[in-house]
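**Q** Before I ask anything, let me first share the structure, which is written out below as structure tokens.
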Amino acid sequence: MTGTITKDGSEIPLLEAEKLTKIFGTLKACDGIDLKIGTGEIHALLGENGAGKSTLVKMLFGALQPTSGDIAWKGEGVNVASPAMGRSLGIGMVFQHFSLFDALTAAENIALSLDEKSPLDTIAARAREIGQTYGLPVDPDALVGDLSVGERQRIEIIRCLLQNPDLIILDEPTSVLTPQEADLLFVTLERLRSEGKSILYISHRLEEVRRLCDRATVLRHGKVVGQCDPRTQTAASLARMMVGNDIHVIERLPAEWTDRIPLIEVNGLSQRPRGPFSVALHDISLSINGGEILGIAGVAGNGQGELFEAISGEVLQERPQVVRIRGTDAGRIGISARRKLGAAFVPEERLGHGAVPDMSLTNNLLLSRHSTDRKMFLTGGVLKLVSESSLASAAKRIVTQMDVRKSAENPDASALSGGNLQKFLIGRELDRNPSVIVVNQPTWGVDAGAAAHIRQALVDLARSGSAVIVISQDLDELFEISDRIAAMVHGRLSESVPIEAMTMERVGLMMGGADAAAGAA
Amino acid sequence: MTMFEAILLTVATAATPLLIAALGELVVERSGVLNLGVEGMMVMGAVTGFAVAQYTGSAWLGMFAAILAGAAFSLLFGFLTLTLITNQVATGLALTLLGLGASAMIGESFVGLPGIRMNSFYIQGLTDIPYVGRFLFGQDPIFYISILLTIGVAWFLFRTRAGLTLRAVGDNHTSAHALGVPVVRIRYLAVIFGGACAGLAGAQLSLVYVPQWVENMTSGRGWIALALVVFASWRPWRILAGAYLFGAVTIGQLHAQALGIGVPSQFMSSLPYLATIVVLVLISRNKRLTLMNTPTSLGKPFVPDR
């Protein structure tokens, strides 16, 4: 570890933030945050969604301006006015979302973030070289839209390393990786640390923070609530610091069913890609009995979204028997007809897909259930008048059942936080007691408390006799609730493995496309 | 001048305004802005070019004034959509209506006046080469500008750093902003460039094509230019091909009508539009290529978070 030493021998931190505050309107996203990052350390930044992590790093990187507070870089006060200035100081950022351009090649993407104006060929050659040095292979001429999420992340990291930064900020880097890919990333990060670079590592995966990081700063509601050496903590103690109280543990009774009747079946589903960035599906078959939960693991972009659309009826199949719901061929009928067979669907994207952002909760409720619960919500015979009172009472029931926290009586969907909206959307479907439910990424971007609530509700539904499919990138979640786990890779679905026989390593191999039998051997 | 040469020249004259206006709009749309006001900016260019040429007696000054008028008019669009974040579609439509109305008012006193034509080049020897001499070496300056503009736009978009940045802004303005790219400034520049091109295209109509002023003289060419951009999958060379196809069918059907083919003239007049769209639809059938080139943030307002 090589730090800058002052005259009196004390070490100056690489970056020191003092009383950083950012106010949006009336919301204090960051409230007097102090943060010190030393040279050659991997510093974890922990906190739930909305704790202020993203706002904090955006201020460090220059993408946002603090309302008040100071930042010192290598001992000198700086005002990071723009991302370009952050880069010139030596602060690099690897974003979690929204930072690559799909229609451009890898080399073009890299060129955009470099301040010097080198020819593309030179940049491509340097990207290859850095990729080789740090174990991050990429093809500079590939279009980013065609790449897997893991490959995109490599481009982001290479892009960052080409600027030769002293501090690298990584925002939830492993949320999109298989466990094996994550291991490779850790090797890269440890190598960078050994070269004296500092890393600010944002994550809510506590096990990897404990394994990788030298220090941790925990945020809650925009304030620093603790600093610790994560290696001396347990995952539970870190979680308690993040959330402020203990996390509800999912109760899962062993699955018991007398008659094994498949409630939902997919038989030989194959489908060509529907757009340039869409994935083809190859011969997918699955069958789920009442009472059980099938977890579908996989790195994003391996066909999970396409599978969901095929099951929900957003994309119809040529042969009706490809999708069977409660024994009825449903491959050629639409979403409402499938709902009427007793199925329910919760898509991945909450705003714009699961709910109309600018419509109230009751209207969103009506949109998904106007056909299945026509008698309840529509009155006046052929006039089909909307019964506001029964909608309001149903919404109220869902809100109570799922513990949805909202600021107004009947707010717009977009006014709810991600976790609360997700609770409402899942509650909207559970309220019908569906015999089949398919949920894509049930707790993505949802804080730990709400996630536990959602998982418990799904487990309870299955135990009451329904068939549940959960598509998720969060392996811990799948292990927590599934009875069987299968993995999707390149549009194919692996055999499902009973949870008792499943290990983290095996699911990782399945997600990487290795033969499932390899894990058993 | 042979018949062949005459046809070649008239095709180029018919294609040039479309080519210039569409190239301008291509750059605008590549930056993620949809300006439906091309027709309005074009007609403003046409009337300004004609008026300035009348007062000064110089077609060249008229052309420069038209470019400035188009740019100024587009600046209004830019201010409304980029600074005040108004709806781009509605604002563009309003710009077209405003342009048609304002140009009719400005141009009222010019109706029927003989215009000033921009002279074609004549180079001893070269222009006299049989068949292609006039086409290659004997046309008006705006024709040459249009060809240079095609090369320039293609080179700028796909070979320069600035073009890469512009395409990045059109693909994903949030990411571009996060990288520190000045999204709004780039869009302003693109919109002004598009306006200048539309103004120049208008000047070609009133100084070269039919050197006079007629109310609503663009007669839908701005809309065709807009369609060309889309069907050409936002690629400059395809715009050139589409514009010349349109020009060729326009001239071809005129000759066919003159020969007295027994087809209703209305149908013949609509042929250029039909043919251009059919051909461009056919070549843009490669969905992957089209989507690859479609600016993803097209028409979406950008509001940076502070």
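Listed in order, the protein sequences are those of chains V and H.
Sequential numbering of the first sequence, starting at 3, is according to the numbering used here.
Sequential numbering of the second sequence, starting at 67, is according to the numbering used here.
Note that CB positions come from ideal geometry on N, CA and C, so glycine has one too.
Kindly identify the DSSP beta-bridge partner or partners of Arg-494 of chain V.
**A** For the purposes of this step, residue 494 of chain V is identified with residue 492 of the first sequence, where counting begins at 1. Among the bridge pairs identified by DSSP, Arg-494 of chain V is matched with V:Val-491.
**Q** Spell out the partners DSSP gives Asn-291 of chain V in its beta bridges.
**A** To locate residue 291 of chain V, count along the first sequence from 1; it is residue 289. According to DSSP, which records beta bridges pairwise, Asn-291 of chain V is partnered with V:Pro-264.
**Q** Gln-403 of chain V lies in the alpha helix (DSSP H); which residues open and close that run?
**A** Here residue 403 of chain V refers to the residue found at position 401 when the first sequence is read from its first residue. Here the alpha helix (DSSP H) through Gln-403 of chain V covers 390 to 404.
**Q** How is Glu-91 of chain H classed by DSSP in three states: helix, strand or coil?
**A** Here residue 91 of chain H refers to the residue found at position 25 of the second sequence. Glu-91 of chain H: helix per DSSP, three-state reduction.
**Q** Is it true that the CB of Leu-460 of chain V sits closer than 9 Å to the CB of Asn-439 of chain V?
**A** By one-based count along the first sequence, residue 439 of chain V stands at place 437. By one-based count along the first sequence, residue 460 of chain V stands at place 458. Before going further, note that residue 439 of chain V is Ile rather than Asn in the sequence given. Result yes, Cβ atoms of Ile-439 of chain V and Leu-460 of chain V sit closer than 9 Å.
**Q** Which residue marks the beginning of the beta strand (DSSP E) containing Cys-230 of chain V, and which one marks its end?
**A** Counting from 1 along the first sequence, the entry for residue 230 of chain V is found at position 228. Where Cys-230 of chain V is concerned, the enclosing beta strand (DSSP E) stretches over 225 to 230.
**Q** Per DSSP, which residues does Glu-18 of chain V bridge with? Please list them.
**A** Against the first sequence, residue 18 of chain V aligns to sequence position 16. In DSSP, Glu-18 of chain V forms a bridge with V:Lys-38, V:Ala-74.
**Q** Mind listing the chain H neighbours of Phe-103 of chain V? Cutoff is C-beta to C-beta under 7 Å, in chain order.
**A** Indexing the first sequence from 1 puts residue 103 of chain V at position 101. Correct list: Ala-234, Asp-237, Asn-238, Ser-241.
**Q** Output, in sequence order along the chain, the residues in the segment 244 to 256 of chain H whose CB is closer than 9 Å to any CB in chain V.
**A** Ala-244, Leu-245, Gly-246, Val-247
**Q** Please confirm if Gly-181 of chain V has its CB atom under 9 Å from at least one CB of chain H.
**A** Translated into positions along the first sequence, residue 181 of chain V becomes position 179. According to the sequence shown, residue 181 of chain V is Pro rather than Gly. Contact of Pro-181 of chain V with chain H is not assigned, every C-beta pair being separated by 9 Å or more.
**Q** Taking DSSP as the reference, what is the three-state secondary structure of Glu-13 of chain V?
**A** Along the first sequence, one-based indexing puts residue 13 of chain V at 11. Residue state, collapsed to three classes: strand.
**Q** Which residue spans inside the segment 174 to 210 of chain V form an unbroken beta strand (DSSP E) run of at least 3?
**A** 200 to 204
**Q** Residues of chain V with CB under 8 Å from Leu-230 of chain H, in chain order?
**A** Along the second sequence, one-based indexing puts residue 230 of chain H at 164. Result: Leu-106, Glu-110, Ala-113, Leu-114.
**Q** Let me check one thing: in DSSP terms, what residues is Pro-1 of chain V bridge-paired to?
**A** Only positions 3 to 523 of chain V appear in this structure, which leaves residue 1 of chain V out of reach.
**Q** Name the chain H residues that come within less than 9 Å of Leu-145 of chain V, Cβ to Cβ?
**A** Working through the first sequence from its first residue, we reach residue 145 of chain V at position 143. What Leu-145 of chain V touches in chain H: Met-358.
**Q** Going straight from the alpha carbon of Leu-418 of chain V to that of Gly-451 of chain V, what length do you get?
**A** Reading the first sequence from its first residue, position 416 is the one you call residue 418 of chain V. Reading the first sequence from its first residue, position 449 is the one you call residue 451 of chain V. Roughly 16 Å separates the two Cα atoms.
**Q** Suppose the cutoff is 6 Å on Cβ atoms and the five residues either side in sequence are ignored; what does the same chain contact list for Ala-256 of chain H look like?
**A** The residue labelled residue 256 of chain H in the question sits at position 190 within the second sequence. Here the set comprises Val-93, Val-94, Ser-97.
**Q** For His-239 of chain H, which residues in the same chain have their Cβ closer than 8 Å to its Cβ, ignoring the five residues on either side in sequence?
**A** Position 173 of the second sequence holds residue 239 of chain H. If we look at His-239 of chain H and ignore the five residues flanking it on each side, its Cβ neighbours are Gly-98, Val-249, Ser-363, Lys-366, Phe-368.
**Q** Of the residues H:Tyr-210, H:Phe-130, H:Thr-157, H:Ile-133, which one's Cα is nearest the Cα of Phe-143 of chain H?
**A** Reading the second sequence from its first residue, position 77 is the one you call residue 143 of chain H. When each option's Cα is compared against that of Phe-143 of chain H, the closest is H:Thr-157.
**Q** What is the residue span of the alpha helix (DSSP H) that Leu-368 of chain V lies within?
**A** What you label residue 368 of chain V is simply residue 366 of the first sequence in a count that begins at 1. 363 to 371 is the extent of the alpha helix (DSSP H) around Leu-368 of chain V.
**Q** Throw me the rounded Cβ distance for the Met-61 of chain V and Leu-22 of chain V pair, which I believe falls under 8 Å.
**A** To locate residue 61 of chain V, count along the first sequence from 1; it is residue 59. To locate residue 22 of chain V, count along the first sequence from 1; it is residue 20. Correct: roughly 6 Å between the Cβ atoms.
**Q** Pop quiz: Gln-475 of chain V and Gln-443 of chain V are said to be a contact at Cβ under 8 Å. What is the actual Cβ separation, rounded to whole angstroms?
**A** What you label residue 475 of chain V is simply residue 473 of the first sequence in a count that begins at 1. What you label residue 443 of chain V is simply residue 441 of the first sequence in a count that begins at 1. So it is a contact: roughly 7 Å between Cβ atoms.
**Q** Can you check which of these residues, V:Ile-335, V:Arg-128, V:Asn-166, V:Ala-108, is closest to Gln-155 of chain V by C-alpha distance?
**A** One-based indexing of the first sequence puts residue 155 of chain V at position 153. That would be V:Ala-108, whose Cα lies nearest to the Cα of Gln-155 of chain V.
**Q** Against chain V, does Pro-404 of chain H count as a neighbour if the rule is that its beta carbon must be under 9 Å from one of theirs?
**A** The structure shown does not extend to residue 404 of chain H, since chain H is modelled only from 67 through 372, so no value can be given for it.
**Q** Would you mind stating whether Ile-170 of chain V and Leu-163 of chain V have Cβ atoms separated by less than 9 Å?
**A** Here residue 170 of chain V corresponds to residue number 168 of the first sequence, with the count starting at 1. Here residue 163 of chain V corresponds to residue number 161 of the first sequence, with the count starting at 1. Yes, the pair counts as a contact, with Cβ atoms nearer than the cut-off.
**Q** Rounded C-beta distance between Arg-430 of chain V and Ile-400 of chain V? I'm assuming under 8 Å.
**A** By one-based count along the first sequence, residue 430 of chain V stands at place 428. By one-based count along the first sequence, residue 400 of chain V stands at place 398. Correct: roughly 6 Å between the Cβ atoms.
**Q** Less than 6 Å between C-beta atoms, sequence neighbours within five positions excluded: which residues of the same chain meet that for Leu-288 of chain V?
**A** Numbered from its first residue, the first sequence carries residue 288 of chain V at position 286. For Leu-288 of chain V, where only same-chain residues beyond five positions count, the Cβ hits under 6 Å are Val-268.
**Q** Could you tell me the boundaries of the beta strand (DSSP E) in which Arg-376 of chain V lies?
**A** By one-based count along the first sequence, residue 376 of chain V stands at place 374. Not the beta strand (DSSP E): Arg-376 of chain V falls in the alpha helix (DSSP H), residues 376 to 379.
**Q** Any contact of the segment 230 to 245 of chain H with the segment 301 to 312 of chain H, i.e. 3+ C-beta pairs under 8 Å?
**A** no
**Q** Determine whether the Cβ of Phe-347 of chain V lies closer than 9 Å to any Cβ atom of chain H.
**A** Counting from one through the first sequence, the residue named residue 347 of chain V turns up at place 345. No, its Cβ sits nowhere closer than 9 Å to a Cβ of chain H.
**Q** As a quick exercise: from H:Phe-139, H:Tyr-197, H:Ala-117, H:Met-110, pick the residue whose alpha carbon is nearest that of Ile-258 of chain H.
**A** Residue mapping note: residue 258 of chain H aligns to position 192 of the second sequence, counting from 1. Selected option, being the one with the closest Cα: H:Phe-139.
**Q** Give the residues of chain H in contact with Pro-85 of chain V, contact being defined as C-beta atoms less than 8 Å apart.
**A** Position 83 of the first sequence holds residue 85 of chain V. Those within 8 Å of Pro-85 of chain V in chain H are Ala-244, Leu-245, Gly-246.
**Q** Relative to chain H, which residues along the segment 41 to 70 of chain V have a C-beta separation below 8 Å, given in chain order?
**A** Gly-64, Ala-65, Leu-66, Gln-67
**Q** Indicate whether at least one CB of chain H lies closer than 9 Å to the CB of Lys-119 of chain V.
**A** For this step, residue 119 of chain V is matched to residue 117 along the first sequence. For Lys-119 of chain V, the answer is yes, since a Cβ of chain H falls inside 9 Å of its Cβ.
**Q** I want to verify the contact list: residues of chain V whose CB lies under 8 Å from the CB of Arg-227 of chain H, in sequence order.
**A** Taking the second sequence and counting its residues from 1, the one referred to as residue 227 of chain H is at position 161. Those are Ala-113, Lys-119, listed as they occur along chain V.
**Q** In this structure, how does DSSP classify Phe-347 of chain V when only helix, strand and coil are distinguished?
**A** Locating residue 347 of chain V in the first sequence gives position 345, counting from the first residue. Three-state DSSP puts Phe-347 of chain V in a strand.
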